[in-house]
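Colleague:
Residue numbers (the numbering used here), protein chains in the order written: chain A, 30 to 778; chain B, 4 to 129; chain C, 578 to 733.
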């Protein structure tokens with residue numbers, strides 16, 4: 030294990046736990062919002078904040094402790110039924126949860142949280158409970174009833190001697206405390222002389238087996254401060270008579286010294302309930318009234334005695350277990366129970382924290398394995414080995430295993446979209462508050478699992494879409510009321526798996542896209558020619574054009590220089606598509622379709638202009654050969670291809686990528702018919718089709734940046750890098766040039 | 004020689020920290036996530052001391068202590084309560100429930116070990 | 578990071594890897610250099626700047642290759658087998674720099690480096706961080722960051 034610093038490990042795991050707790054808190058709050066009234070829901074919220082505070086304290090994260098403490102205090106009021114979680118209070122709790130998660134993340138990243146972001150919420154929370162004193166939690170740890178002679182030890186002289194009078198009450202034993210251990214704890218901090226006060230011991234006939242009759246006078250010589258002595262007796266404060274004073278006098282009268290006490294470890298004396306009398310000390314511990322041990326109490330000064338006893342106990346687990354059962358024996362004789370081996374760190378749901386990098390490496394390796402295996406099967410086929418031979422059959426099983434491993438590895442990285450959805454809930458809260466709109470977010474399918482890299486990279490575009498829905502999608506409240514709608518707008522965020530992809534939808538119940546307005550703006554900005562025929566879908570798609578913004582005044586929400594074009598681009602970078610559907614008066618829905626994983630891809634390996642490229646298989650409808658008769662001239666240098674009874678724009682891949690000029694003649698060329706999710710199609714001319722196979726996706730974003738028409742790269746069996754096409758992007762940027770000016774003239778002539 | 008300790012806390016972070024502190028002190032540690040789980044783990048175990056949190060799901064610290072004290076073999080097992088609050092009423096409540104002592108979170112490992120020695124004896128030589 | 582450390586301690590030597598692009602001699606801080614490898618045919622990237630040769634496979638990662646002669650506008654012959662790729666790590670990014678030949682590793686005291694004079698053209702000054710004299714020859718120390726393509730118009 031590479032765990033150089035266990036505390037750093039725990040710290041890291043604390044922040045992961047915080048995320049889980051924050052999620053539980055959010056869940057609890059939304060359940061209360063939905064009408065949950067049971068105690069446990071409030072309890073869950075309280076415990077979440079409480080646990081965050083507890084861990085934060087351990088790491089000295091004071092600002093986190095402070096806020097969590099205040100928050101927790103308020104939740105405790107709710108828990109105790111003294112404060113009702115009204116709508117406004119609940120909104121405050123949600124805001125407080127947001128602030129709390131900010132502080133958590135800032136603490137994690139070592140950023141000091143801006144007090145302005147915290148104080149208002151803190152004060153609002155305070156206002157709910159009434160300001161309480163900033164209680165200092167550390168100091169009232171010390172027992173308060175001790176009468177102390179504060180004697181500052183004279184450093185010139187030898188260590189001071191304290192006289193401690195200690196007389197347990199019966200409650201001390203009932204609480205599970207044991208004077209013997211307190212005395213040995215004292216021995217840890219100095220040299221101890223003990224005298225036992227037997228004066229209160231009654232006759233055996235009157236002896237209360239659960240009473241307390243003994244007292245001790247202890248002379249402790251130590252270099253430690255008085256507070257450390259007091260600390261020893263902390264737990265028995267109020268359960269005994271205790272007097273600590275610095276003194277050099279001889280033993281006080283009334284205490285009888287008992288010399289020559291046997292070493293304490295020899296006596297099983299944990300039966301706190303039993304009092305003991307001197308005469309009975311020889312009795313066996315098995316007698317119903319077990320009375321002997323306490324009297325035999327002594328503090329072994331001889332180190333040999335204790336170390337010997339220690340040694341005997343260290344022998345093995347078993348003997349440790351036995352000594353334990355011995356200690357815990359009750360007054361009634363109990364048959365010694367066999368000591369079971371201790372249950373080690375049981376956890377109901379076992380999880381392992383793994384460095385994401387390790388998983389990445391595993392994913393990559395499995396990807397390579399898939400490729401390798403494909404190459405191997407190819408060689409086996411080429412070698413002419415029959416399919417029913419053991420080699421081919423073994424390979425078949427190997428293939429199946431590889432696929433299974435691949436699926437399992439992908440599952441490791443999959444995580445539910447819930448955490449991201451919760452972040453969006455916050456976006457809705459914040460943006461609706463700043464626009465003074467009442468908005469409710471409904472989430473559907475938050476258990477849907479998606480590759481975590483997809484989730485991470487989806488957060489930004491989704492945030493923008495949500496803001497957009499609140500800002501532009503939903504009408505002003507007055508307008509909603511005027512149109513007979515509910516005052517509170519509703520945004521639905523949903524996730525679902527559909528045919529090997531993930532569909533995420535953001536829909537609102539707003540006014541829908543004002544297509545007239547969109548068209549006017551697009552015309553004004555010169556994005557479309559004035560008066561051009563446009564379908565509804567085409568008008569809606571204008572929203573994605575760079576430089577398009579319908580906001581009359583640039584609000585601070587959606588006017589951050591980020592348009593829907595950027596949203597679309599970042600989704601496309603994920604191999605995703607985004608579509609709009611809108612119904613006037615009813616609302617707008619943005620639908621994002623994403624691949625489940627960013628790691629591997631089924632592709633068709635093709636060649637164009639002597640370069641090898643990979644086309645995602647999912648986008649290819651069919652492959653065909655071009656005949657001259659099927660090509661129709663369109664613009665000055667573009668053509669369409671007639672496929673059955675429809676016309677599809679034709680493009681030459683080599684030309685579109687800028688690798689070469691259009692060819693003279695495409696007769697007989699290979700064409701891939703590409704279909705996009707919105708139904709648009711186009712025909713892409715390639716030189717040859719090599720094979721169909723799975724490829725491992727290697728991102729270009731990090732090493733190079735975005736390339737028009739290219740989604741990513743992969744490494745082929747021969748070690749060469751091949752680019753993976755992004756058909757949508759390719760079509761968007763396509764020139765459609767399939768005729769050079771020269772050939773045009775020839776055709777014309 | 005080491006003490007055997009059962010530590011019950013619903014926070015993974017605190018469990019980890021307890022485990023670390025106790026292991027470094029040479030104690031053998033069993034962990035549980037809440038009161039119910041604590042009782043399950045305790046079954047058949049004879050720890051020298053028990054450490055428990057108060058606020059936990061399913062069965063809280065008070066309920067847990069009560070249940071432990073209700074078992075004959077654990078009538079006198081020392082129980083330390085882990086608490087972030089050190090309010091006197093919380094201590095008295097812990098004591099009323101049968102706790103032997105308390106430890107204020109965040110705890111200092113050395114102090115934790117000292118406290119355990121105070122209630123469970125000088126097991127460790129470390 | 579390394580650059581900063583070096584700037585603070587004036588007296589320390591800096592180790593430089595010197596190389597030839599055309600007839601000119603350049604160098605880079607050896608701390609930035611990961612490895613030196615022979616020529617492999619890069620896969621061309623569509624619509625890329627003319628000084629970007631393409632990408633190669635460096636043990637499983639996709640490595641962009643920058644033709645330094647084109648980047649620095651130095652006339653040389655077409656890339657061939659004689660060329661060498663310096664794999665350098667610049668700002669969390671690994672790139673390959675195509676050069677004509679790697680010549681030497683030199684230790685130059687920080688104090689002997691001087692900023693390029695104002696008379697140098699703006700273009701050249703942009704790429705050269707400092708100058709020094711080695712055996713009577715002028716050695717240009719390349720500002721690696723400025724050599725990177727100016728893309729990175731990443732989505733928000």
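Heads up, the beta-carbon is just placed ideally off N, CA and C, and yes, glycines get one too.
Let me see if you follow: with CB-CB separation under 7 Å, is residue 766 of chain A close to chain C or not?
Modeller: no
Colleague: Report the three-state DSSP secondary structure of residue 496 of chain A (helix, strand or coil).
Modeller: Residue 496 of chain A falls in the helix class under three-state DSSP.
Colleague: Under DSSP, the beta strand (DSSP E) around residue 566 of chain A begins and ends at which residues?
Modeller: It is not in any beta strand (DSSP E) - residue 566 of chain A instead sits in the alpha helix (DSSP H) that spans 565–570.
Colleague: Here's the rule I'm using: 16 or more other beta-carbon atoms within 10 Å means buried, otherwise exposed. How should residue 495 of chain A be labelled?
Modeller: It is buried - the Cβ of residue 495 of chain A has at least 16 other Cβ atoms within 10 Å.
Colleague: Between residue 201 of chain A and residue 269 of chain A, which are expected to be in contact by the criterion C-beta below 8 Å, what is the C-beta distance as a whole number of angstroms?
Modeller: 5 Å
Colleague: Between the stretch 622–636 of chain A and the stretch 528–548 of chain A, do three or more beta carbon pairs fall short of 8 Å?
Modeller: yes
Colleague: With 16 other CB atoms within 10 Å as the buried threshold, where does residue 77 of chain A fall?
Modeller: With 16 or more Cβ atoms within 10 Å of its Cβ, residue 77 of chain A is classed as buried.
Colleague: Using only the alpha-carbon positions, how far apart do residue 608 of chain C and residue 428 of chain A sit?
Modeller: 44 Å
Colleague: Would you say residue 763 of chain A and residue 752 of chain A are within 7 Å of each other, going by their C-beta atoms?
Modeller: no
Colleague: Quick check: is the beta carbon of residue 660 of chain C nearer than 7 Å to any beta carbon in chain A?
Modeller: no
Colleague: Who pairs with residue 654 of chain A in a beta bridge, going by DSSP?
Modeller: A/699
Colleague: Report the rounded CA-to-CA distance for residue 481 of chain A versus residue 728 of chain A, giving the unit in angstroms.
Modeller: 15 Å
Colleague: When we look at the beta-carbon of residue 636 of chain C and count the other beta-carbons within 10 Å, is it buried (16 or more) or exposed?
Modeller: exposed
Colleague: Do residue 718 of chain A and residue 699 of chain A count as a contact pair if the criterion is CB distance below 7 Å?
Modeller: yes
Colleague: Ignoring anything shorter than 4 residues, give me the alpha helix (DSSP H) runs that lie fully in the stretch 588–658 of chain C, in order along the chain.
Modeller: Entirely contained in the stretch 588–658 of chain C, the alpha helix (DSSP H) runs reaching 4 residues are, in chain order, 645–648.
Colleague: According to a CB-to-CB cut-off of less than 9 Å, which residues of the stretch 67–79 of chain A neighbour chain B?
Modeller: 69, 72, 73, 75, 76 and 79
Colleague: Note down, in chain order, each residue of its chain lying with its Cβ closer than 7 Å to the Cβ of residue 451 of chain A, except the 5 sequence neighbours on either side.
Modeller: Contacts found: 52 and 55.
Colleague: Is it buried or exposed for residue 64 of chain B, if we count other Cβ within 10 angstroms and need 16 for buried?
Modeller: Buried, since its Cβ has 16 or more Cβ neighbours within 10 Å.
Colleague: What alpha helix (DSSP H) runs, 4 residues minimum, are completely inside the stretch 593–672 of chain A?
Modeller: 593–602
Colleague: Would you mind reading off the limits of the beta strand (DSSP E) that contains residue 710 of chain C?
Modeller: 705–711
Colleague: Run down chain A in chain order and give the residues with a C-beta less than 7 Å from the C-beta of residue 624 of chain C.
Modeller: 687, 736 and 737
Colleague: So residue 729 of chain A contacts chain C; which residues on that side make the cut at Cβ distance below 7 Å?
Modeller: 639
Colleague: State yes or no: is the beta carbon of residue 96 of chain B nearer than 7 Å to at least one beta carbon in chain A?
Modeller: no
Colleague: Please classify residue 598 of chain A: is it buried, with 16 or more other beta-carbons within 10 angstroms of its beta-carbon, or exposed?
Modeller: buried
Colleague: Quick check: residue 150 of chain A and residue 103 of chain A, are their CB atoms within less than 7 Å of each other?
Modeller: no
Colleague: Nearest-angstrom Cα distance between residue 98 of chain A and residue 83 of chain A?
Modeller: Their Cα atoms are separated by approximately 9 Å.
Colleague: Residue 546 of chain A lies in the alpha helix (DSSP H); which residues open and close that run?
Modeller: 544–553
Colleague: Rounded to a whole number of angstroms, what is the C-alpha to C-alpha distance between residue 16 of chain A and residue 19 of chain B?
Modeller: Missing from the structure shown is residue 16 of chain A; chain A here goes from 30 to 778 and no further.
Colleague: Beta-carbon of residue 35 of chain A versus every beta-carbon of chain B: anything under 7 Å?
Modeller: Interface residue, yes.
Colleague: Checking 7 Å against the spacing of the C-beta atoms, do residue 787 of chain A and residue 643 of chain A come in under that value?
Modeller: In the structure as shown, chain A begins at 30 and stops at 778. Residue 787 of chain A is therefore absent and cannot be evaluated.
Colleague: Okay, do the stretch 54–74 of chain B and the stretch 4–13 of chain B touch, 3+ Cβ pairs below 8 Å being the bar?
Modeller: Touching, per the Cβ criterion.
Colleague: Determine the direct distance from the alpha carbon of residue 754 of chain A to that of residue 686 of chain A, and round the result to whole angstroms.
Modeller: Roughly 10 Å separates the two Cα atoms.
Colleague: Could you please tell me which residues of the stretch 120–136 of chain A, in chain order, have their CB closer than 8 Å to any CB of chain B?
Modeller: none
Colleague: Under 7 Å between the Cβ atoms of residue 100 of chain B and residue 69 of chain B?
Modeller: yes
Colleague: Taking the continuous alpha helix (DSSP H) assigned at residue 678 of chain A, which residues delimit it?
Modeller: From DSSP, residue 678 of chain A is part of no alpha helix (DSSP H) but of the beta strand (DSSP E) over 675–681.
Colleague: Can you tell me the Cα-Cα spacing of residue 733 of chain A and residue 669 of chain C, whole angstroms?
Modeller: 12 Å
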